Amino acid sequence: MRSSNLTSRSRLAALLAASCCALAAATVGRSETSTAAGIPTAPTPNATVNLIRLMVEQKILPAEAAAKLIAQAEAEAEEARVALARVASPAAPVTVTDGSVANAATPSAPGTVRVTYIPPYLRRQMVAEVRQEVMEQAEKERWAAPDAVPDWTKRWKFLGDMRLRYESVAFPDGNATGPDFLNVTSINSGRGVQVNSAAPQDEAIPFLNTDRDRTRIRVRARIGAEVNLDEGFTSGIRFATGESNSPVSQNQTLGGGNGNFNKYSVWIDRAYIKYESDLDGTPVSASVGRVANPFFATSMIWSNDVGFDGILVQGQHKFGGLKPFATVGLLPVYNTAFDFSTNQATKSASYDKWLYAIQVGTDWRISKDFEAKFGLAYYHFENVEGQTSSPTNGSALDAGDTDSSRLLFAQKGNTYRTIRNLNAPIGATKQYNYLGLASPYHEVALTGRIDYNHFEPTQISLLFEVVQNLGLDAGEVAGSAYTYNNLNTSGGFTGGDLGYYTSIQVGHPVLQKRWDWNASLGYRYVETDAVVDGFADSDFGGGGTNAKGFTLGGNVSVSNRVWFGVKFMSSDEVSGPTYQNDTFQFDINGRF
Numbered sequence: 003m004r005s006s007n008l009t010s011r012s013r014l015a016a017l018l019a020a021s022c023c024a025l026a027a028a029t030v031g032r033s034e035t036s037t038a039a040g041i042p043t044a045p046t047p048n049a050t051v052n053l054i055r056l057m058v059e060q061k062i063l064p065a066e067a068a069a070k071l072i073a074q075a076e077a078e079a080e081e082a083r084v085a086l087a088r089v090a091s092p093a094a095p096v097t098v099t100d101g102s103v104a105n106a107a108t109p110s111a112p113g114t115v116r117v118t119y120i121p122p123y124l125r126r127q128m129v130a131e132v133r134q135e136v137m138e139q140a141e142k143e144r145w146a147a148p149d150a151v152p153d154w155t156k157r158w159k160f161l162g163d164m165r166l167r168y169e170s171v172a173f174p175d176g177n178a179t180g181p182d183f184l185n186v187t188s189i190n191s192g193r194g195v196q197v198n199s200a201a202p203q204d205e206a207i208p209f210l211n212t213d214r215d216r217t218r219i220r221v222r223a224r225i226g227a228e229v230n231l232d233e234g235f236t237s238g239i240r241f242a243t244g245e246s247n248s249p250v251s252q253n254q255t256l257g258g259g260n261g262n263f264n265k266y267s268v269w270i271d272r273a274y275i276k277y278e279s280d281l282d283g284t285p286v287s288a289s290v291g292r293v294a295n296p297f298f299a300t301s302m303i304w305s306n307d308v309g310f311d312g313i314l315v316q317g318q319h320k321f322g323g324l325k326p327f328a329t330v331g332l333l334p335v336y337n338t339a340f341d342f343s344t345n346q347a348t349k350s351a352s353y354d355k356w357l358y359a360i361q362v363g364t365d366w367r368i369s370k371d372f373e374a375k376f377g378l379a380y381y382h383f384e385n386v387e388g389q390t391s392s393p394t395n396g397s398a399l400d401a402g403d404t405d406s407s408r409l410l411f412a413q414k415g416n417t418y419r420t421i422r423n424l425n426a427p428i429g430a431t432k433q434y435n436y437l438g439l440a441s442p443y444h445e446v447a448l449t450g451r452i453d454y455n456h457f458e459p460t461q462i463s464l465l466f467e468v469v470q471n472l473g474l475d476a477g478e479v480a481g482s483a484y485t486y487n488n489l490n491t492s493g494g495f496t497g498g499d500l501g502y503y504t505s506i507q508v509g510h511p512v513l514q515k516r517w518d519w520n521a522s523l524g525y526r527y528v529e530t531d532a533v534v535d536g537f538a539d540s541d542f543g544g545g546g547t548n549a550k551g552f553t554l555g556g557n558v559s560v561s562n563r564v565w566f567g568v569k570f571m572s573s574d575e576v577s578g579p580t581y582q583n584d585t586f587q588f589d590i591n592g593r594f
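If you're matching positions, the sequence shown starts at 3 in the working numbering and goes up one per residue.
What follows is the structure, given as structure tokens:
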């Protein structure tokens with residue numbers, strides 16, 4: 003801004019000097035209306051004085067400096083009038099030969115004062131140019147704009163979206179029910195499941211629905227903000243709806259829960275501080291808090307609504323047509339309660355669960371029409387599997403020393419095990435047990451996408467992903483006395499450690515304006531223990547693992563910020579008891 007002001011002042015000085023001489027030529031008298039500071043309070047016949055007065059009013063020029071300029075201009079004008087009065091004869095005429103101006107003017111008489119005359123139209127043009135330049139600079143830097151806003155508001159960026167969904171879930175005839183589909187989340191959130199067959203069987207066991215069709219209308223609302231903290235730092239927070247603190251869904255069923263138009267809960271699903279920098283052309287960032295999923299992956303491994311707690315570091319660098327990237331995460335999955343065990347005077351040791359994650363990959367500009375992206379990831383879950391406790395009676399008042407290894411959220415599909423080492427029951431005394439994962443989860447995943455852009459803005463994309471759980475030991479799982487499910491009648495393990503997904507999408511990759519569209523067709527095959535079922539897609543097959551089948555979907559934008567979506571998913575079990583699920587969804591989406 004300073005350089006622009008210097009330019010404006012230079013032009014203004016030239017204008018003032020020329021105008022002072024014009025004052026002499028035009029013999030303009032001094033203004034009679036002025037303030038005590040020497041600045042006129044009303045327009046005068048002098049354009050220069052008017053310009054100075056205008057600049058003072060707009061706070062471009064200090065009043066003290068303006069008064070000095072006006073005084074100087076009037077003094078010089080007075081000197082010019084005196085000098086002109088002494089001129090006895092006009093300047094010699096200019097000699098013109100052959101239509102050209104002579105190179106040398108006739109010498110003037112001694113004492114002659116030459117005055118450069120600036121026509122009124124030129125003075126007006128110069129004034130307008132200076133005024134325009136100053137106002138353009140003021141508008142650009144917003145220091146004199148009439149609609150200028152406080153500086154802090156420029157640091158905030160608000161964002162949000164809303165989705166209304168009609169959902170129909172149908173279960174074909176023949177699905178299994180009962181013990182094979184326990185509601186593990188409900189069991190582990192309470193006192194556990196009663197396992198002494200000699201005790202009164204008067205407690206209900208929570209099961210998942212596998213045989214009754216359901217329809218529901220659901221809403222998802224999210225709103226948040228990102229704040230620029232300067233010097234590479236930003237902070238963000240976002241709030242979202244949700245029927246519970248489930249990590250894989252922000253849907254709220256209308257009329258759900260207790261109904262009766264009860265109000266709905268709002269959860270914090272983003273809260274972080276992020277630092278970004280550029281190291282010799284390599285953008286890097288570090289985030290800490292509750293952040294969005296940074297990994298290049300499909301919903302087979304991570305549900306679209308999953309967020310992560312912890313520390314994440316990311317970086318990328320461009321080499322010609324390649325742009326390698328890397329992401330590293332140190333992510334707490336579960337932190338042992340401070341007072342665990344709550345009802346015991348002597349506390350139990352901590353059993354914290356972690357996810358150590360790393361992904362490397364690259365974006366690749368293959369040619370004018372082809373682009374690709376590949377990522378290789380390793381997700382190492384530490385202590386996520388259930389642990390056998392020390393011997394315990396397992397009463398409602400007892401707490402096992404490994405109770406914190408139980409699952410506090412699960413969908414379905416994984417192999418589970420009981421975790422309490424119960425003493426022999428005493429008569430009809432009730433004994434309770436919890437469920438945990440039967441296997442470690444050390445997942446290796448390869449994800450890729452190939453885009454064909456020849457028909458831009460229409461794009462054709464092929465997406466694929468393969469994942470394997472290196473932590474699964476089928477023999478150990480089958481041989482454990484604590485394994486609860488995914489076993490056949492002879493005790494053999496029926497599960498698996500492999501999952502794969504592929505899909506093709508045609509249309510606009512991003513819906514930005516009316517009638518933008520896309521359509522997709524996908525197939526997935528996910529064995530029981532390929533991934534942790536609690537973090538996988540919550541829609542396909544009712545959520546979780548041990549599912550295979552197709553997904554058909556499409557979207558169309560009806561305005562710049564509103565679009566409709568439709569999706570149909572049909573799935574069957576990969577192994578074990580019969581389970582089929584057909585889900586239809588119709589969405590109305592809006593973003594702001």
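Cβ coordinates follow ideal geometry from the N, Cα and C atoms, glycine included. Just so it is clear, the structure is predicted and the values come from calculations on it, not from any experiment.
Legend entry - the region 231-238 contacting the region 254-274, beta-carbon criterion three pairs below 8 Å: yes
Legend entry - phenylalanine 588 to arginine 218 span [Cα, whole Å]: Residue mapping note: residue 588 aligns to position 586 of the sequence shown, counting from 1. Residue mapping note: residue 218 aligns to position 216 of the sequence shown, counting from 1. So the alpha carbons of these two residues sit roughly 11 Å apart.
Inset, instruction - Closer than 6 Å by C-beta to threonine 485: which residues in its own chain qualify, once you throw out the five before and the five after it? Chain order, please. - result: Indexing the sequence shown from 1 puts residue 485 at position 483. Answer for threonine 485: Arg419, Ala440 and Val479, listed in chain order.
Inset, instruction - With a 10 Å radius around its C-beta and 16 neighbouring C-beta atoms as the bar for buried, classify tyrosine 581 as buried or exposed. - result: For the purposes of this step, residue 581 is taken as the residue at position 579 of the sequence shown. Tyrosine 581 is buried by the Cβ-count criterion.
Inset, instruction - Report the residue from His444, Arg157, Ser246 and Ser482 whose alpha carbon sits nearest the alpha carbon of glutamate 228. - result: Start at 1 with the first residue of the sequence shown, and residue 228 comes out as number 226. Checked all of His444, Arg157, Ser246 and Ser482; the closest Cα to glutamate 228 is Arg157.
Inset, instruction - Could you tell me whether the region 440-454 touches the region 413-429, using the rule of 3 or more Cβ pairs below 8 Å? - result: yes
Inset, instruction - Pick out the complete alpha helix (DSSP H) segments inside the region 154-225, 4 residues or longer, and give them in chain order. - result: 186-191
Legend entry - valine 103 classed as buried or exposed, judged by whether at least 16 other C-beta atoms fall within 10 angstroms: Against the sequence shown, residue 103 aligns to sequence position 101. Any reading at valine 103 needs caution, since the residue's pLDDT is 42, under 50, leaving its predicted position unreliable; the model's value is listed next. Classification for valine 103: exposed.
Inset, instruction - State the Cα-Cα distance for the pair glutamate 135 and tryptophan 154, rounded to the nearest angstrom. - result: Position 133 of the sequence shown, counted from the first residue, corresponds to residue 135. Position 152 of the sequence shown, counted from the first residue, corresponds to residue 154. When rounded, the distance between both Cα atoms is 27 Å.
Inset, instruction - Let me know the secondary structure DSSP gives isoleucine 368 once reduced to three states. - result: On the sequence shown, residue 368 is found 366 positions in, with the first residue counted as 1. Isoleucine 368 falls in the coil class under three-state DSSP.
Inset, instruction - Could you check how far apart the C-beta atoms of serine 304 and phenylalanine 297 are, in whole angstroms? I think they sit under 8 Å. - result: Residue mapping note: residue 304 aligns to position 302 of the sequence shown, counting from 1. Residue mapping note: residue 297 aligns to position 295 of the sequence shown, counting from 1. One detail in the question is off: residue 304 reads as tryptophan in this sequence, not serine. Sure, about 7 Å apart at Cβ, within 8 Å.
Legend entry - DSSP three-state assignment for tyrosine 123, whether helix, strand or coil: Sequence index remark: in the sequence shown, residue 123 carries index 121 (1-based). If DSSP states are grouped into helix, strand and coil, tyrosine 123 belongs with the helices.
Inset, instruction - Would you check if the distance between the CB atom of glycine 312 and the CB atom of proline 285 is smaller than 9 Å? - result: Taking the first residue of the sequence shown as 1, we reach residue 312 at position 310. Taking the first residue of the sequence shown as 1, we reach residue 285 at position 283. No.
Inset, instruction - For tyrosine 503, count neighbouring Cβ atoms within 10 angstroms of its own Cβ and tell me buried if that reaches 16, exposed if not. - result: Here residue 503 refers to the residue found at position 501 when the sequence shown is read from its first residue. So tyrosine 503 ends up on the buried side.
Inset, instruction - Could you check the C-alpha separation between alanine 178 and proline 579 for me, to the nearest Å? - result: The count along the sequence shown starts at 1 and reaches residue 178 at position 176. The count along the sequence shown starts at 1 and reaches residue 579 at position 577. Cα to Cα, the separation comes out at about 6 Å.
Inset, instruction - Indicate whether the contact test is met: 3 or more Cβ pairs, each with one atom in the region 393-411 and one in the region 464-482, closer than 8 Å. - result: no
Legend entry - alanine 347 (DSSP reduced to helix, strand or coil): As a first step, residue 347 is located in the sequence shown; it is residue number 345 there, counting from the start. Looking at alanine 347 - three-state DSSP - the assignment turns out to be coil, as it is neither helix nor strand.
Inset, instruction - Measure the C-alpha to C-alpha separation of glycine 258 and serine 248 and round it to an integer number of angstroms. - result: By 1-based counting over the sequence shown, the position of residue 258 is 256. By 1-based counting over the sequence shown, the position of residue 248 is 246. Their Cα atoms are separated by approximately 15 Å.
Legend entry - Pairwise C-alpha distance: asparagine 306 and glutamine 389: Position 387 of the sequence shown holds residue 389. Position 304 of the sequence shown holds residue 306. So the alpha carbons of these two residues sit roughly 30 Å apart.
Legend entry - glutamate 467, enclosing beta strand (DSSP E) - first and last residue: Taking the first residue of the sequence shown as 1, we reach residue 467 at position 465. Per DSSP, glutamate 467 belongs to the beta strand (DSSP E) from 461-471.
Inset, instruction - Return the first residue and the last residue of the beta strand (DSSP E) that glutamate 575 is part of. - result: The sequence position of residue 575 within the sequence shown is 573, counting from 1. No beta strand (DSSP E) contains glutamate 575, which DSSP labels as neither H nor E.
Inset, instruction - State yes or no: is the C-beta of lysine 325 within less than 9 Å of the C-beta of tryptophan 366? - result: Reading the sequence shown from its first residue, position 323 is the one you call residue 325. Reading the sequence shown from its first residue, position 364 is the one you call residue 366. Yes, the pair counts as a contact, with Cβ atoms nearer than the cut-off.
Inset, instruction - Identify whether leucine 378 lies in helix, strand or coil by the three-state DSSP scheme. - result: Taking the sequence shown and counting its residues from 1, one reaches residue 378 at position 376. If DSSP states are grouped into helix, strand and coil, leucine 378 belongs with the strands.
Legend entry - Through-space distance from proline 511 to valine 197, alpha-carbon basis: Position 195 of the sequence shown, counted from the first residue, corresponds to residue 197. Position 509 of the sequence shown, counted from the first residue, corresponds to residue 511. Answer to the nearest angstrom: the Cα atoms are 52 Å apart.
Inset, instruction - Can you grab the Cα-Cα spacing for the pair phenylalanine 327 / aspartate 518, in whole Å? - result: Within the sequence shown, numbered from 1, the residue matching residue 327 stands at position 325. Within the sequence shown, numbered from 1, the residue matching residue 518 stands at position 516. So the alpha carbons of these two residues sit roughly 30 Å apart.
Legend entry - For glutamate 81 and proline 45, the rounded distance between their alpha carbons: Start at 1 with the first residue of the sequence shown, and residue 45 comes out as number 43. Start at 1 with the first residue of the sequence shown, and residue 81 comes out as number 79. Going from the Cα of proline 45 to the Cα of glutamate 81 covers about 24 Å.
Legend entry - C-alpha distance - aspartate 535 paired with valine 528, whole-angstrom precision: Taking the first residue of the sequence shown as 1, we reach residue 535 at position 533. Taking the first residue of the sequence shown as 1, we reach residue 528 at position 526. Roughly 10 Å between the two C-alpha positions.
Legend entry - Simplified DSSP state of threonine 52, which is helix, strand or coil: Working through the sequence shown from its first residue, we reach residue 52 at position 50. Inspection of the sequence shows that residue 52 is occupied by asparagine rather than by threonine. Three-state DSSP puts asparagine 52 in a helix.
Legend entry - Backbone CA spacing between lysine 515 and glutamine 461 [nearest angstrom]: As a position in the sequence shown, residue 515 is number 513, starting the count at 1. As a position in the sequence shown, residue 461 is number 459, starting the count at 1. Approximately 16 Å between the Cα atoms of the pair.
Inset, instruction - Using a Cβ-Cβ cut-off of 9 Å, state whether leucine 256 counts as contacting chain D. - result: Absent here is chain D; the protein component of the structure consists of one chain.
Inset, instruction - Drop a sphere of 10 angstroms on the beta-carbon of glutamine 254, count the other beta-carbons inside from all chains shown, and report buried for 16 or more, exposed for fewer. - result: Taking the sequence shown and counting its residues from 1, the one referred to as residue 254 is at position 252. Answer is buried; the Cβ neighbour count reaches 16.
Inset, instruction - Please go through the same chain and pick out, in chain order, the residues whose beta-carbon is closer than 8 Å to the beta-carbon of leucine 56, but skip the five residues on each side of it. - result: For the purposes of this step, residue 56 is taken as the residue at position 54 of the sequence shown. For leucine 56, where only same-chain residues beyond five positions count, the Cβ hits under 8 Å are Arg133.
Legend entry - Among Asp539, Gly234, Val576 and Met302, nearest to leucine 281 - alpha-carbon criterion: Start at 1 with the first residue of the sequence shown, and residue 281 comes out as number 279. The option with the nearest alpha carbon to leucine 281 is Gly234.
Legend entry - Residues bridged to aspartate 531 [DSSP beta-bridge criterion]: Counting from one through the sequence shown, the residue named residue 531 turns up at place 529. None, per the DSSP bridge assignment.
Inset, instruction - Give me the Cα-Cα distance between proline 152 and glutamate 138, rounded to the nearest whole angstrom. - result: Position 150 of the sequence shown, counted from the first residue, corresponds to residue 152. Position 136 of the sequence shown, counted from the first residue, corresponds to residue 138. Approximately 20 Å, taken between the alpha carbons.
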